[in-house]
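Here the structure is laid out as structure tokens; the discussion comes afterwards.
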Amino acid sequence: MRQLARYSFVNARVRALLSRLLEEDVWRRLTQATDFRSLLDILGSTVYKETVSGITGNKEDLLEFERRVKIFDLAIFRKLIQSIAEGPERNLLVLLLQRYEVDELKTALRLWFGKPAVDPSDYLLGQPICSRIDFSGIVAARSLEEIIVLLEETDFDRALRNARKRFQETGSLFVLESTLDIDYYRRLLAAVGNLSSRDRLVAGTLIGLIIDLENINWLLRQRVYYSLGLEEFLEWVIPGGRHITAEDIRRSYTVDGAEQIVRAVSRGPYQELKKFERQDFHLIESFLYEVLLHQVRKILAGFPFTIGPVLGYLVLKQRETRTLVSVAGALSAGLGQDFTKNIVFH
Numbered sequence: 065m066r067q068l069a070r071y072s073f074v075n076a077r078v079r080a081l082l083s084r085l086l087e088e089d090v091w092r093r094l095t096q097a098t099d100f101r102s103l104l105d106i107l108g109s110t111v112y113k114e115t116v117s118g119i120t121g122n123k124e125d126l127l128e129f130e131r132r133v134k135i136f137d138l139a140i141f142r143k144l145i146q147s148i149a150e151g152p153e154r155n156l157l158v159l160l161l162q163r164y165e166v167d168e169l170k171t172a173l174r175l176w177f178g179k180p181a182v183d184p185s186d187y188l189l190g191q192p193i194c195s196r197i198d199f200s201g202i203v204a205a206r207s208l209e210e211i212i213v214l215l216e217e218t219d220f221d222r223a224l225r226n227a228r229k230r231f232q233e234t235g236s237l238f239v240l241e242s243t244l245d246i247d248y249y250r251r252l253l254a255a256v257g258n259l260s261s262r263d264r265l266v267a268g269t270l271i272g273l274i275i276d277l278e279n280i281n282w283l284l285r286q287r288v289y290y291s292l293g294l295e296e297f298l299e300w301v302i303p304g305g306r307h308i309t310a311e312d313i314r315r316s317y318t319v320d321g322a323e324q325i326v327r328a329v330s331r332g333p334y335q336e337l338k339k340f341e342r343q344d345f346h347l348i349e350s351f352l353y354e355v356l357l358h359q360v361r362k363i364l365a366g367f368p369f370t371i372g373p374v375l376g377y378l379v380l381k382q383r384e385t386r387t388l389v390s391v392a393g394a395l396s397a398g399l400g401q402d403f404t405k406n407i408v409f410h
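65 is the number of the first residue of the sequence shown in the numbering used here; add one for each residue after it.
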């Protein structure tokens, strides 16, 4: 009865939001778009009409497009959070919203570290997400210590303090970004642990799959582009994966070549990974999303009065946004259907 009372209103909102996701025929038209401007024209007849209004389709508008679709997501996210009463369920949704804040912080850190000759406001959302963080101040900071001071009393303060010594030793931004990711997922899993037994099972399964996908992508790219030793690599693996364990990853380091590495993690729902060429990262990512999508469909078709439908919708919406940004970028770069032909629809 408690589950019914807690989720009846928010699930009605989720059903309405699911109907507003882009349908397959729209995606097919988007994949046939010839340039960024034509993509905007197509989106102008969808729920994104106001979001894309005023964007002309010039290459310089790409960052503004990305900023607006993310802000569109944030508005939806906040309405869902408001639909759930105070408690562990709402706390979990707030943490999921904080993923945008983690990404915003990582963007600010990249601008601070690389000091490119760009206007930071072009790359930042320009509005609070969960906390009032001075991202522009982070970009302008003279040292990591200044950044840590700016992040005092936020959820990111301790993570960057813990990473400070390693960053000073290596001078690698990777240390800061990976520390933020690991800290975020640890806090997310802790929030899952506070849910009811039914919600814990549903949320734990879905988030465990998301962690698997993060670790598999990181493993493959690391073995192709980097050369970390086993113990150093294991230090940056996100704990809490559903199917891929530390032992699987450890075993992948006993083989030579990326093809063998793929086979080492081709287990459970990821068995088909071994069919892919080692550097087909876009295809691999699409396949991994299909695995996640299969679980989302199971959740949406199952018992409705859990946190599952809310999480399932958020996965679909975030994927929609990410795909739109990728397609827009590909069209702006002139890649066209060479890129869009592999899009996975909902």
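Ideal Cβ positions, reconstructed from N, Cα and C, are used throughout, including at glycine.
Because the structure is a prediction, the values reported are computed rather than measured.
Could you give the C-beta distance for residue i and residue j, rounded to a whole number, given that I count them as a contact under 8 Å?
i	j	result
Gly-422	His-358	Any question about residue 422 goes unanswered here, given that the chain covers just 65 to 410.
Leu-94	Val-391	6 Å
Ile-202	Leu-214	6 Å
Ile-302	Asp-245	6 Å
Leu-127	Arg-174	Actually they are not in contact, since the Cβ atoms of Leu-127 and Arg-174 sit about 14 Å apart, beyond 8 Å.
Gly-305	Asp-276	4 Å
Leu-259	Pro-152	5 Å
Leu-337	Arg-314	No, Leu-337 and Arg-314 are not in contact; Cβ-Cβ is about 18 Å, not under 8 Å.
Ile-212	Asp-221	6 Å
Leu-378	Leu-160	6 Å
Gly-121	Phe-100	5 Å
Glu-165	Ile-193	4 Å
Exposed or buried, residue i, counting other C-beta atoms within 10 Å across all chains shown (16 or more means buried)?
i	result
Ser-396	buried
Gln-162	buried
Gly-372	buried
Arg-132	buried
Phe-73	exposed
Gly-293	exposed
Arg-70	buried
Asn-226	exposed
Asp-125	buried
Thr-370	buried
Ala-436	Examination of residue 436 is not possible in this model, given that the chain is present from 65 through 410 alone.
Ala-365	exposed
Leu-399	exposed
Thr-115	buried
Glu-130	buried
Thr-98	exposed
Val-374	buried
Phe-367	exposed
Gly-376	buried
Val-182	exposed
Ala-89	Sequence check: residue 89 is Asp here, not Ala. Exposed, because fewer than 16 other Cβ atoms sit within 10 Å of the Cβ of Asp-89.
Lys-113	exposed
Glu-168	buried
Val-381	First, the amino acid is wrong: residue 381 is Lys here, not Val. Looking at its Cβ environment, which holds 16 or more other Cβ atoms inside 10 Å, Lys-381 is buried.
Glu-241	buried
Leu-284	buried
Ala-172	buried
Ala-267	buried
Classify residue i as helix, strand or coil using the three-state DSSP reduction.
i	result
Arg-101	helix
Asp-137	helix
Asn-279	helix
Asn-122	coil
Ser-117	coil
Pro-184	helix
Pro-152	helix
Trp-91	helix
Val-158	helix
Lys-179	coil
Ile-308	coil
Ile-313	helix
Ser-83	coil
Thr-110	coil
Val-166	helix
Val-301	coil
Gln-96	coil
Ser-72	helix
Glu-272	Rather than Glu, the amino acid found at residue 272 in this sequence is Gly. If DSSP states are grouped into helix, strand and coil, Gly-272 belongs with the helices.
Val-329	coil
For chain B, is any of its Cβ atoms less than 8 Å away from the one on residue i?
i	result
Leu-224	In the structure shown, chain B does not exist; there is a single protein chain.
Length-filtered (4 minimum) alpha helix (DSSP H) runs lying within the region 187-265 | 199-204, 208-214, 221-234, 237-256
Segments assigned alpha helix (DSSP H), at least 4 residues, entirely inside the region 331-408 | 345-365, 372-396, 401-404
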